[in-house]
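The structure appears below as structure tokens.
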Amino acid sequence: MGVHSLLRLQEMSCQLSKCENQMKNYLNELELEKQRTQDYASALTASHNEMRQCRDKERRQYELISSLKYQFAGCKQKCTGETVRTTSTDIKKHQRLSRKIDTERLEVAEHISLTGKIIDWRATERLASYGENITRQKLKKAVDILFQRNLINRRFSVAFGLSSFCSFRKS
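Here the sequence shown stands for residues 67 to 237, numbered as in the numbering used here.
Written out as structure tokens, the structure is:
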């Protein structure tokens, strides 16, 4: 082997080691990029799951709330309310609290104690169903309170100053 061949071999060996180093650097960069992509994917999955949980929780909340209107027997007074229970469970709760005249937990208990009238459970109407939007339900309830003269809720809201901006006509 001549000197020329040896120099050529060293040069090729040097180029080969440079190529190996470049390949190692490229593989390291690919590995880092793969790790970053996995991190982004896991962060995206976590945020997607969090958003899904919030959406499902909100959907369950919408499905649970219902607005009802109660009427008193032998009386034109009505009361509207919201419930997260089924109608029959809510009626049982109201019956129990109205028997005990629990004014702290049932706002119509005071009317029941003063007049002796009880709620006519057969005349209970559903203002908004369980699947309806909460904002829409609250709006229906507020409109019902403002525009119906014989609602007990109107007296409660006036007594507590919740609707001082509205002027009510006496019936």
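Glycine is no exception: its CB is placed at the ideal position from the N, C-alpha and C atoms.
Could you tell me how far apart the beta carbons of residue i and residue j are, in whole angstroms, since I believe they sit closer than 8 Å?
i      : j      : result
Asp186 : Ala139 : 4 Å
Gln61  : Ala189 : Coverage of the chain is limited to positions 67 through 237, which leaves residue 61 absent and any answer about it impossible.
Thr146 : Lys183 : Contact flag wrong, Cβ pair sits at about 17 Å.
Thr181 : Cys141 : 7 Å
Are there 16 or more other CB atoms within 10 angstroms of the CB of residue i, so buried, or fewer, so exposed?
i      : result
Gln88  : exposed
Asp156 : buried
His70  : exposed
His160 : buried
Lys135 : buried
Cys80  : exposed
His114 : exposed
Ser233 : Residue confidence is low: Ser233 scores 40 on pLDDT, short of 50, so the model does not pin down where it sits. No coordinate-derived value is stated.
Gly68  : exposed
Starting from residue i, trace the alpha helix (DSSP H) both ways and give me its first and last residue.
i     : result
Ile24 : Since the first residue shown for the chain is 67 and the last is 237, residue 24 is missing from the structure and cannot be characterised.
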